[in-house]
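For reference, the structure discussed in these notes is given below.
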Amino acid sequence: MAEMVKLFVNGQEVEVESGKNLIDAVSAVGIEIPHLCYHPALGADGNCRMCLVGIEDGRPPLVPACKTPAAEGMKVQLDAEHIKKIQRDVMELELINHPTDCPICDQAGECSLQDYYMKYDGQESRMTVPQVKKGKKLDFGCGVVHDQERCVVCGRCVRFTREITKTGELGIVNRTDAARVNIFPGQPLNNRYALNVVDLCPVGAMTSTDFRFKQRVWFLSKEKGICHGCSKGCNIFIDHNREKYKDEVIYRFRPRLNEEVNGYFICDEGRMTYKWENDQRLITPRANGSEAIKSAAVDSLRNAISQASKAVFLVSPSSSLEQQFAVKAFAEQAGATVLGFSDGYIKAGDGDDYLIQDDKAANRAGLALLGIDATREAFEAAMAEADLLVSFDNALGCSYDQDGLAKVLGSCTLAVIATNSDSLSEQATIAIPTASYSEYSGSIINCDNILQAFARAVVKNDPPEDIVEIVNRLGGELENNQQVWAALKKAVPTLAEVEPEQIPEQGLALTS
Amino acid sequence: MEVKLLSARFDIEDGHKIEVAKKNGAYATLDKLFAMEPGEVIEEVKASGLRGRGGAGFPTGLKWSFLPKGLDKPVYLAVNSDESEPATFKDRYILVKDPHMLIEGIIICCYAINSHDTYIYIRGEYVSQAKALQAAIDEAYAAGYLGEKVAGHDFRLDVTVHRGAGAYVCGEETALLESIEGKKGQPRSKPPFPAVEGLYGCPTIINNVQSIGSLPFILTNGADAYKAHGTEKSPGTHLFGISGLVEKPGMYELPLGLPLMEVIEKVAGGVKGGKKLKGVIPGGSSTPVLLPEEAATTTLDYESMAEHKTMFGSGGIVVLDEDVDIVKLVKNLIDFYHHESCGQCTPCREGLGWMLKIVKKIINGDGTMDDVNLLRELCDNIEMKTVCVLSAACTMPVRSYLDKFRHEFEAYVQ
Chain A
692 MAEMVKLFVN GQEVEVESGK NLIDAVSAVG IEIPHLCYHP ALGADGNCRM
742 CLVGIEDGRP PLVPACKTPA AEGMKVQLDA EHIKKIQRDV MELELINHPT
792 DCPICDQAGE CSLQDYYMKY DGQESRMTVP QVKKGKKLDF GCGVVHDQER
842 CVVCGRCVRF TREITKTGEL GIVNRTDAAR VNIFPGQPLN NRYALNVVDL
892 CPVGAMTSTD FRFKQRVWFL SKEKGICHGC SKGCNIFIDH NREKYKDEVI
942 YRFRPRLNEE VNGYFICDEG RMTYKWENDQ RLITPRANGS EAIKSAAVDS
992 LRNAISQASK AVFLVSPSSS LEQQFAVKAF AEQAGATVLG FSDGYIKAGD
1042 GDDYLIQDDK AANRAGLALL GIDATREAFE AAMAEADLLV SFDNALGCSY
1092 DQDGLAKVLG SCTLAVIATN SDSLSEQATI AIPTASYSEY SGSIINCDNI
1142 LQAFARAVVK NDPPEDIVEI VNRLGGELEN NQQVWAALKK AVPTLAEVEP
1192 EQIPEQGLAL TS
Chain B
1409 MEVKLLSARF DIEDGHKIEV AKKNGAYATL DKLFAMEPGE VIEEVKASGL
1459 RGRGGAGFPT GLKWSFLPKG LDKPVYLAVN SDESEPATFK DRYILVKDPH
1509 MLIEGIIICC YAINSHDTYI YIRGEYVSQA KALQAAIDEA YAAGYLGEKV
1559 AGHDFRLDVT VHRGAGAYVC GEETALLESI EGKKGQPRSK PPFPAVEGLY
1609 GCPTIINNVQ SIGSLPFILT NGADAYKAHG TEKSPGTHLF GISGLVEKPG
1659 MYELPLGLPL MEVIEKVAGG VKGGKKLKGV IPGGSSTPVL LPEEAATTTL
1709 DYESMAEHKT MFGSGGIVVL DEDVDIVKLV KNLIDFYHHE SCGQCTPCRE
1759 GLGWMLKIVK KIINGDGTMD DVNLLRELCD NIEMKTVCVL SAACTMPVRS
1809 YLDKFRHEFE AYVQ
């Protein structure tokens, strides 16, 4: 527990963490100090001057809050007239050369400049002379488009490429009001985290080619989620919307702070995995190799399992712990072999020492915890004798080439329960669409053995069923996540004390 | 009226050459120096009352005593030779005419503060001055006054000349340090102050050329000899650059405390062509202007300037005659500071450009009273809201012109 100090904000006594800068310290007790350039992940720069506060009896009496540590007895003035005037004056100066093109700006609705104008400024423009002209829609690479006129030169993006990715593609060139963010000629952004500059930008100067002009942000619902793009399990916001007469569409993922997992950022590849939630989804169920209604497909699979002499249930290393356990329990009940072979998810050497992992599976640790064998040997040995393979959303196609897949499948009947349509689902005799991770609740264990829970973010018009529900329809005894957890706690000692409803926001580090 | 303590060797032929300078007393004080304790040197400088000659006038000895004790980090000396303030042209004389006085001063300072590495930051436009300085440093190395054993004593001292790239803001001490470190010249937030965390994160003393140049006289002749000139609170002499509309513009070494008008009349020959005086800029372009009646009661020292709500600054006196168009002068002034704004802080970056456009609009005849009022209001809105004082260097004088010559602005908008 950090040491606490008592200080006064506008005369009101508050207890805050000692040593933290004033912005962070007092925001923890719900008091906002406006700021543009400061970002907790990038430290204080002190250039925007929006966070100037008065310190009563202090020397100097006027300080940037971002560079001032909270100290015992400090008397911070935020609502004093002279401080309000400074905020108004600085806002005016921020805006004189700003295009104020909010109606066509993607940032509108989540723009600090807009919000601060409403809160701290609100005056009419006194700018009667021509504005400074700068570059528009500059392609900075990695899907980032820059508008120098909207930019407030806070340098967050520049500091991000210097301090976080250490690639340094961005810089501020020129002095005075000609100062602007730019890349070196012919050297665009070239790192796997570049799109974070779009989130970091407090205004609409950095936009994403992928997202811009698709949605006004105030129409988006913003749900908490966890990226399933690799085994890191970065925390995200899932921003989605159902337009009139249409189905739910996810428009973007954004990073969500979790100090224990991903900090403030996510990688670009993970960010783009939202597309798989929308596109190439397996929509049409199949039974006996042709289109069928869902119940027919489920019936068909139930029969196939009961008639099979040797069935292999192949679970996905990205499925939730609940789903993996439900399949495993069902396999034991149905006399099938449960395996988790998924070597194709691992891209050796692709990871880095920051967030990106080699293993593109979100919950491989879950397989290990449940004792599900994921070796190639076990899978191929089982397949040699099997007459039915049921893939529970395992993208087996990425673990084999075409010939290899044909060889391992042999004459075995193939059934898939899948979120997305791929070469495996296309050749399956039975195919049942299932919910993807934005559409169900569950929990996963990341590469650092941190258990994280996530809730259903999106409900489609015709919501596909979660694997737990499908397994139950196929004859599994566990009906839902609650029942799964009751069984899980008994079966897995590590989870015996875990209350699924009480897994903390930042996750739960599993000890054994 | 002139008193030549610092400029004593300026008129000697080849006085910049080491053998000539030595014949005339250069480096003569070093044996005395090394016989003293560093603390005694600091005390002597404190006793002399020498105040920083870069513009702020902070007591030099006191500045040195802010260095933290018992650190295992090196201490650096950075000599500020950026001399970029318009109307200031004093340090350049030292660099060219008596560079060995500066080097001797550096040795004294470094011994006092226990520093072994000095950077002289010289403005990029000073090409011939940088060459002259480097030549003198080379001579000093060859003669054994710099290098492993300074004048045979067990004291290493290396001096590096670092040329700037032409930015006024690099005269601000922390922007200067950034620039030496190879970064964009932008002032740092303080604290930490350079004496604690300066160049490369190490304790650093930054002194103006003239401040350092004053040290050999003080050490040779003692603090009292220095204090014999000037006033009690502003002792010593200063190299004044007198320019503008006077008969005899130039650099003059004068004791502090002389009446401003007497200096203009007697030293600089009075207003050019016998015209009427309109105003006096007392210490470089960033100091608030004095009206003739104010100038009449002003003396050339820090205290009198403060009483008249202006600053001693860098001693760059500019005389304005009755024909000077104050509005156009203000346009030039803002143009300069706008151009030199480093672009870091919002108020300075955006505000000075706005002020420039407003004053141009007024000059073009498109201005209104609202514009004049806005210009005046912006001075208050921008000043002291920034990391460094560059914006204040613009708004302080502009405010003074607007307040004292408002009728000239009004004439443009009527």
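Those protein sequences? They're chains A and B, same order as listed.
All residue numbers for the first sequence refer to the working numbering, where the first residue is 692 and numbers rise by one.
All residue numbers for the second sequence refer to the working numbering, where the first residue is 1409 and numbers rise by one.
Beta carbons are placed, not taken as given, at the ideal position from N, Cα and C, and that holds for glycine.
Find the residues of chain A that neighbour H1747/B, judging by a C-beta separation of less than 9 Å, and give them in chain order.
In the second sequence, the residue the question calls residue 1747/B occupies position 339. Ordered by position in chain A, the residues that pass the 9 Å Cβ test against H1747/B are R866, T867.
Flag this pair as yes or no: are the beta carbons of S1749/B and G1721/B separated by less than 8 Å?
Walking along the second sequence from the start, residue 1749/B turns up at place 341. Walking along the second sequence from the start, residue 1721/B turns up at place 313. Taking 8 Å as the Cβ cut-off, S1749/B and G1721/B do not qualify as a contacting pair.
Cutting at 7 Å between CB atoms, please list the residues of its own chain near G1751/B, excluding the five before and the five after it.
For the purposes of this step, residue 1751/B is taken as the residue at position 343 of the second sequence. Excluding residues within five positions, the ones whose Cβ falls inside 7 Å are R1757.
Hey, which unbroken runs of the alpha helix (DSSP H) at 4 residues or more fall wholly within the segment 1653–1715 of chain B?
Correct list: 1700–1703, 1710–1715.
Using a Cβ cut-off of 8 Å (strictly closer), state whether C1753/B contacts chain A.
Translated into positions along the second sequence, residue 1753/B becomes position 345. Yes, C1753/B counts as interfacial toward chain A.
Is C842/A closer than 8 Å to A896/A when the C-beta atoms are compared?
By 1-based counting over the first sequence, the position of residue 896/A is 205. By 1-based counting over the first sequence, the position of residue 842/A is 151. Closer than 8 Å, so yes.
From this set, V844/A, L886/A, L733/A, which residue's C-alpha is nearest I855/A's C-alpha?
In the first sequence, the residue the question calls residue 855/A occupies position 164. Ranked by Cα distance from I855/A, the first of V844/A, L886/A, L733/A is L733/A.
Could you work out which residue in T1776/B, L1668/B, G1687/B, V1535/B is closest to F1705/B when comparing CA atoms only?
Along the second sequence, one-based indexing puts residue 1705/B at 297. Residue identity differs from the one stated: residue 1705/B is Thr in this sequence, not Phe. The option with the nearest alpha carbon to T1705/B is L1668/B.
Contact criterion: CB-CB distance below 8 Å. Does D748/A meet it with respect to chain B?
As a position in the first sequence, residue 748/A is number 57, starting the count at 1. Not one chain B Cβ lies under 8 Å of D748/A.
For N738/A, go through chain B and note every residue whose CB falls closer than 8 Å to its CB, in chain order.
To locate residue 738/A, count along the first sequence from 1; it is residue 47. In chain order, Q1752, C1753, T1754, V1795 make up the part of chain B whose C-beta sits under 8 Å from the C-beta of N738/A.
Considering Cα atoms alone, identify which of E704/A, M1074/A, L1012/A is closest to E763/A.
Within the first sequence, numbered from 1, the residue matching residue 763/A stands at position 72. Among E704/A, M1074/A, L1012/A, the Cα nearest to that of E763/A belongs to E704/A.
In terms of alpha-carbon separation, which member of K1680/B, K1684/B, A1540/B, A1714/B lies closest to P1690/B?
Translated into positions along the second sequence, residue 1690/B becomes position 282. Nearest to P1690/B by C-alpha distance, out of K1680/B, K1684/B, A1540/B, A1714/B, is A1714/B.
Are the C-beta atoms of M788/A and some chain B residue less than 8 Å apart?
Taking the first residue of the first sequence as 1, we reach residue 788/A at position 97. This sequence places Asn at residue 788/A; Met is not what is there. By this cut-off, N788/A is an interface position.
Can you give me the start and stop residues for the beta strand (DSSP E) that D1489/B sits inside?
Taking the second sequence and counting its residues from 1, the one referred to as residue 1489/B is at position 81. A quick correction: the sequence has Ser, not Asp, at residue 1489/B. Note, S1489/B: beta strand (DSSP E), 1484–1489.
Own chain partners of F902/A with C-beta closer than 6 Å, once the 5 adjacent residues on each side are dropped
Walking along the first sequence from the start, residue 902/A turns up at place 211. So the qualifying residues of the chain are R943.
Determine the direct distance from the alpha carbon of V1688/B to that of A1819/B, and round the result to whole angstroms.
As a working mapping, residue 1819/B is identified with position 411 in the second sequence. As a working mapping, residue 1688/B is identified with position 280 in the second sequence. Roughly 22 Å separates the two Cα atoms.
For V1487/B and Y1529/B, the rounded distance between their alpha carbons:
Working through the second sequence from its first residue, we reach residue 1529/B at position 121. Working through the second sequence from its first residue, we reach residue 1487/B at position 79. Between Y1529/B and V1487/B, the C-alpha separation is close to 6 Å.
Where G1638/B and M1719/B are concerned, what is the direct C-alpha to C-alpha distance, given to the nearest angstrom?
Taking the first residue of the second sequence as 1, we reach residue 1638/B at position 230. Taking the first residue of the second sequence as 1, we reach residue 1719/B at position 311. CA-to-CA, the gap between G1638/B and M1719/B works out to about 17 Å.
Partners in chain B for Q758/A, counting only beta-carbon separations shorter than 9 Å:
Residue 758/A sits at position 67 when you count from the first residue of the first sequence. Rather than Gln, the amino acid found at residue 758/A in this sequence is Lys. Those are S1597, P1599, listed as they occur along chain B.
CA-CA distance, Q1193/A and M1792/B?
Numbered from its first residue, the first sequence carries residue 1193/A at position 502. Numbered from its first residue, the second sequence carries residue 1792/B at position 384. If you draw a straight line from the Cα of Q1193/A to the Cα of M1792/B, it comes to about 51 Å.
Rounded to the nearest angstrom, how far is the Cβ of A1148/A from that of S1127/A, given a contact under 8 Å?
To locate residue 1148/A, count along the first sequence from 1; it is residue 457. To locate residue 1127/A, count along the first sequence from 1; it is residue 436. Under the criterion of beta carbons closer than 8 Å, A1148/A and S1127/A do not qualify as touching, at roughly 10 Å.
E1581/B: contacting residues in chain C (beta-carbon distance under 7 Å)
No chain C is part of this structure, whose protein chains are labelled A and B.
Between the Cα of P1700/B and the Cα atoms of G1723/B, I1672/B, P1599/B, G1677/B, which residue gives the shortest distance?
As a working mapping, residue 1700/B is identified with position 292 in the second sequence. Looking at G1723/B, I1672/B, P1599/B, G1677/B, the one whose alpha-carbon comes closest to that of P1700/B is I1672/B.
Ordered along the chain, which non-local residues of its own chain (more than five positions away) have a Cβ less than 8 Å from that of S1536/B?
Locating residue 1536/B in the second sequence gives position 128, where the first residue counts as 1. Closer than 8 Å at the Cβ level, and outside the excluded window around S1536/B, lie V1504.
Short Cβ contact (8 Å threshold) for V1617/B with I1502/B
Position 209 of the second sequence, counting from 1, holds the residue named residue 1617/B. Position 94 of the second sequence, counting from 1, holds the residue named residue 1502/B. Closer than 8 Å, so yes.
At the 8 Å Cβ level, is E1427/B part of the contact set with chain A, yes or no?
In the second sequence, counting from the first residue as 1, residue 1427/B sits at position 19. Not closer than 8 Å to any Cβ of chain A, the Cβ of E1427/B fails to qualify, so no.
Counting only the same chain and skipping the five closest in sequence on each side, list residues whose C-beta sits under 7 Å from that of Q1440/B.
Your numbering for residue 1440/B matches position 32 in the second sequence. It is worth fixing the name first, because residue 1440/B is Lys in this sequence and not Gln. Excluding sequence neighbours, K1440/B sits near L1627.
Is there at least one Cβ from chain B nearer than 8 Å to E785/A's Cβ?
Within the first sequence, the letter at position 94 stands for residue 785/A. Judged by the 8 Å Cβ criterion, E785/A is in contact with chain B.
Counting contacts by CB-CB distance shorter than 8 Å, is R1355/B in contact with chain A?
It is not possible to answer for residue 1355/B, since the shown part of chain B is limited to 1409 through 1822.
Ends of the beta strand (DSSP E) at K766/A?
On the first sequence, residue 766/A is found 75 positions in, with the first residue counted as 1. First-last of the beta strand (DSSP E) with K766/A: 766–768.
What residue range does the alpha helix (DSSP H) around K1431/B cover?
For the purposes of this step, residue 1431/B is taken as the residue at position 23 of the second sequence. Residues 1426–1431.
Contact set between A870/A and chain B, taken where Cβ atoms lie within less than 7 Å:
Position 179 of the first sequence, counted from the start, is the residue given in the question as residue 870/A. The contacting residues are G1751, R1757.
Limits of the alpha helix (DSSP H) - the one that M1777/B falls within:
In the second sequence, counting from the first residue as 1, residue 1777/B sits at position 369. Per DSSP, the continuous alpha helix (DSSP H) segment holding M1777/B begins and ends at 1777–1790.
Which word fits S816/A, buried or exposed, when buried means at least 16 other C-beta atoms lie within 10 angstroms of its C-beta?
On the first sequence, position 125 is the one that residue 816/A refers to. When all chains shown are included, S816/A counts as exposed.
Residue from G924/A, I984/A, F875/A whose Cα sits closest to the Cα of F956/A
As a position in the first sequence, residue 956/A is number 265, starting the count at 1. The option with the nearest alpha carbon to F956/A is G924/A.
How would you label E1702/B, buried or exposed, when you count the other beta carbons within 10 angstroms and need 16 or more for buried?
Your numbering for residue 1702/B matches position 294 in the second sequence. Here E1702/B is buried. Its C-beta has 16 or more other C-beta atoms within 10 Å.
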